[in-house]
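Undergrad: Quick one: structure below, then a few questions.
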Amino acid sequence: MKIKLFLLLLLNTIYSTNFINAQQLDYDNLSFVDIHQNITKKPISSIIEDDLGFIWIATQGDGIFRFDGVNYKNFTYHFENQNSLESNIIYCLYIDSNNQLWAGSNSGISYYNKDLNRFERINFIGIGAIADSAEVMCIVEDNNNNLIIGTHYKGAYKMPIYATKASRIKTDAKDDEELFFRRFIKSSDGTIYAGTTEGLFILDSNTEIFENKFSDEFDDYITSLAIDKNSNLWFGTIKGGIYKLDKNSKKIIPKLESANRRIFSLFFIDNQLLVGTELDGLWAYNLDTQILHKYISNRLIENSLGSFSIWQIYGDSNNRLWVGSFDQGIQLVDRFNSKFNSIEHTPGNPNSLQEASVAGIQQDNEGKIWIGVPGGVDIYDPKTKHIEHITTHQNSKIKGLTSTAILSIFLDSKENLWVGSWDKGVYYLEKGSKKFINYNENTLNNPIKSNAIFGFSEDSEGYIYMASFLKGLHYYSPKLKKIFYCDSAPFVENGIAKSDTRTVLVDTEDNIWVGTKTDLFKLKRKPNNSFIVNRMTTQMKKKGKKLLVNPILSLFQSDDNKVWIGTNGNGLFSYDLNLKTFKEYTDLDGFVQTVINSITESKNHNLWINGKSGLSKLDFTSNAAINYTKDDGLLSNYSHENTLLTAYDGTIYVGSYEGINYFKPELLVKNNIPPKVYLSKLKLFNKEVIPLKNNTLLKKEISQTSAIEFNYEQSVFTIDYASINFTRPEKTDYAYKLQGFDSNWNFVGNSTSATYTNLDPGKYTFQVKAANNDGVWSKTPTSLVIKILPAWWETVWAKIFYVLLVSSGIWLFINYRIESIKQKTESIYQSKLIKQINLEEGRRIEKESIAKELHDSLLGTIFGIRLGLDSSSQKDFEQQAIDRSKYVEKLSDLEKEVRSISHGLSPNLSFSSHAFTEVIEQLLIEQCTANNLEYTLNSDAKIKWSTIDDEIKFNVYRVIQESITNILKHSNASIVTINFQIINHVLELNILDNGVGFKKGYLNKGIGLKNIKSRVENVGGLAYFKSENGVSIDIKIPLNLKNQ
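The sequence shown stops at residue 1048 when you use my numbering, and every number in between is there.
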């Protein structure tokens, strides 16, 4: 290919670079973006992307850079730091199958330690090991997990990726010591190619020898290698251009000449071969069309190539192109970087706008775009991307446009051009004419009343309406070919005649809408050219939440028969021509525009507006707005009025102060690649924690740490985070939360740190995520498990001890209190009980005593006297006198006993002066003899009655007395026997009669038997009753115990 062809292509490239295609990578028109103010000016020798997404950049002089889109880490050599890089001159970078990064330098080979975030040198062992001074130029991995290492004039070596033992690889070169390995590449079948100073070598996998199979036909110095999609090998040389090794024919074919330019880099992407050259920029060679485009540095053109010498070209996993140069650092070609194509003003480039600021955009029937700019009118052809300047300050193809202050342009239905100026009125260019006709305030024939014309519109009859500054509305009559000023009564009465009118629109019903600085009007022209004027502002205010809805800047009619009204600071309104109603739009989600300069509608019926906040798409189906700004590729966020146009093919043109953006809405690229978030720093009390330094809590880099523990003293910590995002990284937004502490996500914009203080002991999980420039969030947050250890006095064992200690104390105290209360309660209870018992017992005893005494003493005695008197009546008179005397004495004794009961309820019985058996004998004589009852009294001689308690003797006496009474009353007995004896200190009394006994149940009812039992129990004895052949009563009273 000849140099002449290159020059032609070069000129074509220079004049076409202003039309930047953002929908996909247009290799005819690439846009190059400088990275981070060019972080280095040293030659870029290697670029590579790791498994996390970081871009690693090797330089010859500045060491290695790790870049995430915003932040970079520079690894360099430091004499006093043994953990620093071995050299600042790095020739190559390589990532093996284990995602291990290797770096070759003029001091050997190093690997990157992710855990400690540093490079560590490999010290080789073994026979034929790489010399310490070897310059490692290239690295590749074979199919057996061995690194193949190429050096500068010291041969090639093989080293397992799991070990540091290296061995020399032989070659069939004439002078092995003079062979310089410059590049390695491995094909899909595992073949390793080597570009050297002596041509192309291939590593034989069987013999493990690098062989030059093409030495007879090619021995040029190979500087770069690449493999296309068909597995053909391409290689660039130091002077001979670019060649291809055909996979099938095994022949080397010359492909591109380089005019003695060095080919430093080759890279295939899509169907393009990208070529980095020395002093000839970057080439894009289309493999299908075989058309070559060149890019060279031109700082007059924005986003042009930065340098003439391109050393490295690399495509990352998202098809971004990274271009490294010799002296201007690194640039990025990103299809997501700009969503919009552009037409700009470039000084010195004739195929650009003559001025940057755009005042109006129109389209003719041929599809060409007419553009009003301060310098005149340009015509842009979308097919050829060519710009024609029909009017310029110096050489105009069409004469008569004398104003440079253009406010608006308009193509009428006959494709006549109308141009509104600020200072010289209206310019009219009839189709096909070469000269404008000017109408202004000073025109002798058909003057107008204002020299400032802001807008135009046309009705169905071809009338052209013009909005003017301070003179309201004018119109042009196509029949009379004359301009008329609207100053009739309706215009004067409504204030239109002298209003600042900014926009005019004729709708499909031929209503004329006029927007002024203070009002909105709807007009109707009658056949006689008189007008009906309706002020619409009042209805508009009723629907608007704001008091003011003016001034009106823009008017537009959409396909759904609505007139849209844009205001200066009061937002957007619409008027439905069918329903005759206004609506204000304040509830659209995300809608930020308040100044509406221009309005248009896309083919899918979304509304697009611009003003002072960029460009907005209004989707009324979802009731949401999407906003685009300069950060998305717009040339400017500011625009003039009425500078939006939807072309016939659906392309939307957006005029601004800096040129024109254009795009097809359906092809707008959304960046669906979320940022990858990583943790970058850990700080304690705002001081960075360095892994393994002073036995810190970090054993490895925070980005490689999944969990961490803080003790109770480490109460204030900060986690710094960042993201790997290369498309508009300044628009990255972040959100984080600490599970276990935060209930919701903290959306913090572009802030990249989170600080927590005085957290309670426990387990937490810190999570952070990020959103890209299109609001796409990370699918999986980056996490760090955090454990806050308690102070020793707050540990589980301490708490267990506290619980046990407190529990023991509480238990002891409770037991003590319970026992104390129990004892006290028992004491009170016993005291009360004793009192109650004593009281009750006293009452019971008193009652029983009365009953017993009445029953035993009185009734028994009375009953005996009654029986004696009955018996005495049958005797002679003398004997009756004796008996009466005896019974009178008895009654006297009874009187005394009654007195005794009334005084003390104690019988007046005395056993001190009489033997107890004598007292009993006397009782039996009195009771039995008088009633013909024989008795027998037997008493054991061993009984010493004087030693027995009087109470026992008293109760025994009453028992015998009650028994005799019962026998006489109920038993019809004729004999009674009473026996006393002592056995084992127990006094036993037996009373036995020969009567009829008592019936079943009488024992529980008879008061006499109850009294007997009660008296015996009172002295601690027991009473037994038997009714069998008479009644037998057995009494047993212990003499050594009382009341038991």
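By construction, the Cβ of each residue, glycine as well, lies at the ideal position given by its N, Cα and C atoms.
Starting from LYS1017, follow the alpha helix (DSSP H) in both directions and report where the run begins and ends.
TA: From DSSP, the alpha helix (DSSP H) with LYS1017 extends over 1011 to 1022.
Undergrad: Use the C-beta contact count for ALA919: other C-beta atoms within 10 angstroms, 16 or more gives buried, fewer gives exposed.
TA: Exposed.
Undergrad: Mind pulling the beta strand (DSSP E) runs of 3 or more residues that sit fully within the stretch 237 to 325?
TA: For the stretch 237 to 325, whole beta strand (DSSP E) runs of length 3 or above, ordered along the chain, are 237 to 241, 246 to 249, 256 to 260, 267 to 273, 276 to 281, 286 to 290, 296 to 299 and 314 to 319.
Undergrad: Could you spell out where the alpha helix (DSSP H) holding ALA138 opens and where it closes?
TA: Per DSSP, ALA138 belongs to no alpha helix (DSSP H) and is neither H nor E.
Undergrad: Give me whichever residues DSSP pairs with ILE51 in a beta bridge.
TA: Answer is ILE61.
Undergrad: Ordered along the chain, which non-local residues of its own chain (more than five positions away) have a Cβ less than 6 angstroms from that of LEU972?
TA: Cβ neighbours of LEU972 beyond the five flanking positions: ASN935.
Undergrad: Going by the CB atoms, is the gap between LYS957 and ILE986 shorter than 8 angstroms?
TA: No, Cβ-Cβ distance for ILE986 and LYS957 is not below 8 angstroms.
Undergrad: Go ahead and label ALA198 buried or exposed: buried means 16 or more other beta carbons lie within 10 angstroms of its beta carbon, across all protein chains shown.
TA: Classification for ALA198: buried.
Undergrad: Less than 8 angstroms between C-beta atoms, sequence neighbours within five positions excluded: which residues of the same chain meet that for THR620?
TA: The identity of residue 620 in the sequence shown is Ser, whereas the question assumes Thr. Excluding residues within five positions, the ones whose Cβ falls inside 8 angstroms are PHE595, VAL596, GLN597, TRP612, ILE613, ASN614, ALA629, ILE630, ASN631 and TYR632.
Undergrad: Say whether the stretch 1028 to 1041 touches the stretch 992 to 1003, bearing in mind that this needs 3 or more beta-carbon pairs closer than 8 angstroms, one atom from each stretch.
TA: The stretch 1028 to 1041 vs the stretch 992 to 1003: in contact.
Undergrad: For THR585, which residues does DSSP report across the bridge?
TA: Partner(s): ASP580.
Undergrad: Please work out which residues of its chain come closer than 6 angstroms, Cβ to Cβ, to ASN322, disregarding the five sequence neighbours upstream and downstream, and give them in chain order.
TA: So the list reads ILE677, once near-sequence residues are dropped.
Undergrad: Could you tell me which of SER757, LYS486 and THR731 sits nearest to LYS741, measuring between CA atoms?
TA: It is SER757.
Undergrad: Tell me which residues share the same chain as VAL693 and place their Cβ nearer than 6 angstroms to its Cβ, disregarding the 5 neighbours each side in the sequence.
TA: For VAL693, where only same-chain residues beyond five positions count, the Cβ hits under 6 angstroms are LEU686, THR700 and LEU702.
Undergrad: Quick one, are the C-beta atoms of LYS680 and ASP331 less than 8 angstroms apart?
TA: Going by C-beta atoms, LYS680 is not nearer than 8 angstroms to ASP331.
Undergrad: Thinking C-alpha only, which one of LYS616, LYS773, SER191 and GLN743 is nearest VAL752?
TA: Closest option to VAL752, Cα to Cα, is LYS773.
Undergrad: How many angstroms separate the CA atom of ASN515 from the CA atom of LEU509?
TA: Distance between the alpha carbons of ASN515 and LEU509: 8 angstroms.
Undergrad: With a threshold of 8 angstroms between beta carbons, is ASN369 in contact with chain B?
TA: Of the protein chains in this structure there is only one, and it is not chain B.
Undergrad: For THR211 versus TYR225, is the C-beta spacing smaller than 8 angstroms?
TA: No; because the gap between Cβ atoms is not below 8 angstroms, this pair is not in contact.
Undergrad: Determine the burial state of LEU286: buried for a count of at least 16 other Cβ atoms within 10 Å of its Cβ, exposed for fewer.
TA: Buried is the call here.
Undergrad: Distance, Cα to Cα, SER301 vs SER311?
TA: Roughly 5 angstroms separates the two Cα atoms.
Undergrad: For the beta strand (DSSP E) holding CYS932, just list the boundary residues, first then last.
TA: Careful: CYS932 lies outside any beta strand (DSSP E), inside the alpha helix (DSSP H) at 920 to 932.
Undergrad: Tell me the rounded alpha-carbon separation between GLN28 and ARG339.
TA: Since pLDDT at GLN28 reaches only 49, below the 50 mark, its modelled position is unreliable, and the value read off the structure follows with that caveat. Answer to the nearest angstrom: the Cα atoms are 5 angstroms apart.
Undergrad: Taking the straight line between their C-alpha atoms, what separation do you get for SER1031 and GLY1001?
TA: Rounded to whole angstroms, SER1031 to GLY1001 spans 5 angstroms at the Cα level.
Undergrad: Using 8 angstroms as the threshold, is the stretch 666 to 674 in touch with the stretch 711 to 730, meaning 3 or more CB pairs across them?
TA: As far as the Cβ criterion goes, the stretch 666 to 674 does not touch the stretch 711 to 730, which means the pair count is below three.
Undergrad: Just to confirm the assignment, what range does the alpha helix (DSSP H) spanning ARG962 have?
TA: Start and end: 954 to 970.
Undergrad: Would you check if the distance between the CB atom of GLU955 and the CB atom of VAL1023 is smaller than 8 angstroms?
TA: Cβ distance < 8 angstroms, so GLU955 and VAL1023 count as in contact.
Undergrad: Which residues in the same chain have their Cβ closer than 7 angstroms to the Cβ of ASP491, if we skip the five residues on either side of it in sequence?
TA: Closer than 7 angstroms at Cβ, skipping near neighbours: ALA501.
Undergrad: Are at least three pairs of beta-carbons, each pair with one atom in the stretch 759 to 767 and one in the stretch 94 to 113, less than 8 angstroms apart?
TA: No, the stretch 759 to 767 does not touch the stretch 94 to 113.
Undergrad: Compute the Euclidean distance between the alpha carbons of ASP653 and PHE560, then round it to the nearest angstrom.
TA: Cα to Cα, ASP653 sits roughly 19 angstroms from PHE560.
Undergrad: Short check: CB of TYR768 to CB of GLY744, under 8 angstroms?
TA: Yes.
Undergrad: Alpha carbon to alpha carbon, how far is THR981 from LEU1045? Give it in angstroms, no decimals.
TA: Residue confidence for LEU1045 is low, a pLDDT of 43 falling below 50, so the modelled location carries little weight and cannot support an answer.
Undergrad: To the nearest angstrom, report how far apart ASP2 and GLN104 are at their CA atoms.
TA: There is simply no residue 2 to check, as the chain begins at 5 and stops at 1048 in what is shown.
Undergrad: Could you say if the stretch 635 to 648 and the stretch 582 to 594 meet the contact criterion of at least three C-beta pairs nearer than 8 angstroms?
TA: No: the two stretches stay apart, fewer than three of their Cβ pairs being nearer than 8 angstroms.
Undergrad: According to the neighbour-count rule (16 or more other Cβ atoms, all chains shown, within 10 Å of its Cβ), is LEU1059 buried or exposed?
TA: With the chain represented from 5 up to 1048, any question about residue 1059 goes unanswered, as that position is not in the structure.
Undergrad: Kindly identify the DSSP beta-bridge partner or partners of SER481.
TA: For SER481, which the question treats as bridged, DSSP gives the partners LYS486.
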